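Numbering (my numbering), first residue to last: 1375 to 1730.
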Ligand SMILES: *Cc1c(COP(=O)(O)O)cnc(C)c1O
């Protein structure tokens, strides 16, 4: 039996979008391929609220994270981590020999604004990396407030991981001043895993030109240059199947309307939070709750693995706590094409299994 996924990626993909993955191939050096990538970029610009160039990458989101920190750091990167995915930025920098320092907070909290200011003020850093929506903790960072601080430091390139939030909540890239905003296909955009996408600002382009060793496959400047020189093509062979599906799914997203989409996500989030407050506790700081997933503290000491097994028999799947939070918390994702009725059906089944 297929289990309906309420995990923070991959998410349920609708049948019509899955069928688009089976579109017959075209040559990746054809005009059709250029048109396909250009259409995707134009639509992505609307979802990202940006006028900057859009880069595609045949990797999952981690590929563009690694590419971004390597491509944009000439001096030193400040990594502000609020959980497992934030820390990943630091591991990527370290493994690429990119100078970086890690600034962490206790899990469940958002980025410390005063610390951002204090760290950038030292003048040691020319890049700042962080997570928008930390999938391991269920915290959504207050990017408007963070933007206010980062704008004081015009030499700093801002790389923002919006893997689990872009398409599910409003992130106005240009207004915020994010230089590289990246996301993956398999989360709130409701596509199969395997493709990542980012915006790439003028400032980031100029910075990248000053970085000598940017790698090869994940060099963002190379992806950008190829778009310019070859009219929206990709340096190697992209996953055309994903691109067919993406082109189609982005039309569906824009047809729903971004406002409606954000509202739907908020409604689902509020429903799950309400339930979690009644029977358990929310893990994340109440001021910074994620709109795309809810991390629930296991205050009743239930067996989460067992709950998931029972849910599986009924055709549903949720997520255990991430890493060290296994059995101490559990996560319900409410993103992509998921509806409030889907969420209600899931919660009804959880209540029934747990006899709540
Ligand atoms: C899922 C996730 C990632 C990793 O993305 P992949 O597409 O699996 O590489 C990174 N950051 C966040 C916040 C995520 O939720």
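Backbone N, C-alpha and C define an ideal beta-carbon position, used for all residues, glycine too.
Please read these numbers as outputs of a predicted model, since none were measured by experiment.
The segment 1702-1719 contacting the segment 1382-1394, beta-carbon criterion three pairs below 8 Å: In short, these stretches touch, since the Cβ pair count reaches three.
Under 9 Å between C-beta atoms of residue 1587 and residue 1419: Here the question's residue 1587 lines up with position 213 in the chain shown. Here the question's residue 1419 lines up with position 45 in the chain shown. No, the Cβ-Cβ distance between residue 1587 and residue 1419 is not below 9 Å.
Selection from 1486, 1459, 1501 that minimises the alpha carbon distance to residue 1475: Within the chain shown, the letter at position 101 stands for residue 1475. Selection 1486, 1459, 1501 evaluated against residue 1475 yields 1501 as nearest (Cα-Cα).
Any non-hydrogen atom of ligand 1 within 8 Å of residue 1554 CB: Taking the first residue of the chain shown as position 1, residue 1554 is located at position 180. Incorrect: residue 1554 has no Cβ contact closer than 8 Å to ligand 1.
Near ligand 1: residue 1581 beta-carbon under 8 Å from a heavy atom: Within the chain shown, the letter at position 207 stands for residue 1581. Distances from the CB of residue 1581 to the heavy atoms of ligand 1 are all 8 Å or more.
6 Å Cβ shell around residue 1624 - same chain, five flanking residues per side excluded: Here residue 1624 is taken as the residue at index 250 of the chain shown, counted from 1. Closer than 6 Å at Cβ, skipping near neighbours: 1417.
Per-residue DSSP class, three states only, for residue 1450: In the chain shown, the residue the question calls residue 1450 occupies position 76. Residue 1450: coil per DSSP, three-state reduction.
Nearest-angstrom Cβ-Cβ length linking residue 1545 and residue 1539, presumed shorter than 8 Å: What you label residue 1545 is simply residue 171 of the chain shown in a count that begins at 1. What you label residue 1539 is simply residue 165 of the chain shown in a count that begins at 1. Right, the Cβ-Cβ distance comes to about 7 Å (below 8 Å), so this counts as a contact.
For residue 1651 and residue 1473, the rounded distance between their alpha carbons: Counting from one through the chain shown, the residue named residue 1473 turns up at place 99. Counting from one through the chain shown, the residue named residue 1651 turns up at place 277. If I take the Cα positions, the gap works out to 42 Å.
Contact check, residue 1696 vs residue 1547, beta carbons under 9 Å: Taking the chain shown and counting its residues from 1, the one referred to as residue 1696 is at position 322. Taking the chain shown and counting its residues from 1, the one referred to as residue 1547 is at position 173. Cβ atoms of residue 1696 and residue 1547: not closer than 9 Å.
Residue 1535, buried or exposed, once every other Cβ within 10 Å from all chains shown has been counted against 16: Against the chain shown, residue 1535 aligns to sequence position 161. Flag for residue 1535 reads buried.
Residue 1380 versus residue 1584 - alpha carbon distance: For the purposes of this step, residue 1380 is taken as residue 6 along the chain shown, with counting starting at 1. For the purposes of this step, residue 1584 is taken as residue 210 along the chain shown, with counting starting at 1. Going by the C-alpha atoms only, they are around 43 Å apart.
Beta-carbon separation (whole angstroms), residue 1551 vs residue 1524, contact threshold 8 Å: Sequence index remark: in the chain shown, residue 1551 carries index 177 (1-based). Sequence index remark: in the chain shown, residue 1524 carries index 150 (1-based). About 7 Å; that satisfies the 8 Å criterion.
N- and C-terminal bounds of the beta strand (DSSP E) containing residue 1671: Counted from its first residue, the chain shown places residue 1671 at position 297. Where residue 1671 is concerned, the enclosing beta strand (DSSP E) stretches over 1667-1671.
Identity of the residues DSSP links to residue 1545 by a beta bridge: Taking the first residue of the chain shown as 1, we reach residue 1545 at position 171. BP columns for residue 1545 are empty, so no partner.
Cβ contact check for the segment 1488-1499 and the segment 1450-1465: 3 or more pairs under 8 Å: When C-beta atoms of the segment 1488-1499 are compared with those of the segment 1450-1465, three or more pairs fall below 8 Å, so the two segments count as touching.
Reduced DSSP category for residue 1514 - H, G, I as helix; E, B as strand; rest coil: Position 140 of the chain shown, counting from 1, holds the residue named residue 1514. Three-state result, residue 1514: strand.
Nearest-angstrom beta carbon gap, residue 1659 and residue 1521 [assumed within contact, 8 Å]: For this step, residue 1521 is matched to residue 147 along the chain shown. For this step, residue 1659 is matched to residue 285 along the chain shown. Not really, about 19 Å apart at Cβ, beyond 8 Å.
Segment limits, alpha helix (DSSP H) that includes residue 1481: For the purposes of this step, residue 1481 is taken as residue 107 along the chain shown, with counting starting at 1. Taken as a continuous stretch (DSSP letters only), residue 1481 belongs to no alpha helix (DSSP H), as it is neither H nor E.
The segment 1571-1584 in contact with the segment 1701-1709 per 3-pair CB rule at 8 Å: no
According to DSSP, residues forming a beta bridge with residue 1507: In the chain shown, counting from the first residue as 1, residue 1507 sits at position 133. DSSP lists 1514 as partners of residue 1507.
Residue closest to residue 1405, alpha-carbon to alpha-carbon, out of 1601, 1509, 1572: Start at 1 with the first residue of the chain shown, and residue 1405 comes out as number 31. It is 1601 whose Cα lies nearest to the Cα of residue 1405.
Pair within 9 Å by beta-carbon distance, residue 1663 and residue 1399: For the purposes of this step, residue 1663 is identified with residue 289 of the chain shown, where counting begins at 1. For the purposes of this step, residue 1399 is identified with residue 25 of the chain shown, where counting begins at 1. Their beta carbons are not under 9 Å apart, which means residue 1663 does not touch residue 1399 by this criterion.
Check whether residue 1582 and residue 1503 have beta carbons under 9 Å apart: As a working mapping, residue 1582 is identified with position 208 in the chain shown. As a working mapping, residue 1503 is identified with position 129 in the chain shown. In this structure, residue 1503 does not lie closer than 9 Å to residue 1582 by Cβ.
The beta strand (DSSP E) enclosing residue 1431, as first and last residue numbers: Residue 1431 sits at position 57 when you count from the first residue of the chain shown. Residue 1431: member of the beta strand (DSSP E) spanning 1427-1431, first to last residue.
Any non-hydrogen atom of ligand 1 within 8 Å of residue 1462 CB: Walking along the chain shown from the start, residue 1462 turns up at place 88. Indeed, a heavy atom of ligand 1 lies less than 8 Å from the Cβ.
Option in 1456, 1665, 1509 with minimal Cα separation from residue 1486: Along the chain shown, read from residue 1 onward, the residue named residue 1486 stands at position 112. Cα-wise, what sits closest to residue 1486 is 1456.
Counterpart residues of residue 1463 in DSSP-defined beta bridges: One-based indexing of the chain shown puts residue 1463 at position 89. According to DSSP, which records beta bridges pairwise, residue 1463 is partnered with nothing at all.
Candidates 1506, 1427, 1428, 1605, of which the one nearest residue 1459 by Cα: If you number the chain shown from 1, residue 1459 lands on position 85. Checked all of 1506, 1427, 1428, 1605; the closest Cα to residue 1459 is 1506.
Closer than 8 Å: residue 1483 CB and nearest ligand 1 heavy atom: Numbered from its first residue, the chain shown carries residue 1483 at position 109. Residue 1483: no, Cβ never under 8 Å from ligand 1.
N-terminal and C-terminal residue of the beta strand (DSSP E) that residue 1558 is part of: Working through the chain shown from its first residue, we reach residue 1558 at position 184. That run of the beta strand (DSSP E) goes 1554-1558.
Backbone secondary structure at residue 1395 - three-state DSSP: Here the question's residue 1395 lines up with position 21 in the chain shown. The answer is coil: DSSP assigns residue 1395 none of H, G, I, E or B.
Run of the beta strand (DSSP E) containing residue 1535, from where it starts to where it stops: Your numbering for residue 1535 matches position 161 in the chain shown. Looking at the DSSP string, the run of the beta strand (DSSP E) that includes residue 1535 is 1531-1535.
Residue(s) in a DSSP beta bridge with residue 1705: Walking along the chain shown from the start, residue 1705 turns up at place 331. Answer is 1669, 1693.
Nonlocal neighbours in the same chain, by C-beta distance under 8 Å from residue 1376, ignoring five residues either side: The count along the chain shown starts at 1 and reaches residue 1376 at position 2. Cβ neighbours of residue 1376 beyond the five flanking positions: 1689.
Selected residue, minimal CA-CA separation from residue 1555, among 1439, 1730, 1708, 1673: Position 181 of the chain shown holds residue 1555. Residue 1439 is the option with its Cα nearest to residue 1555.
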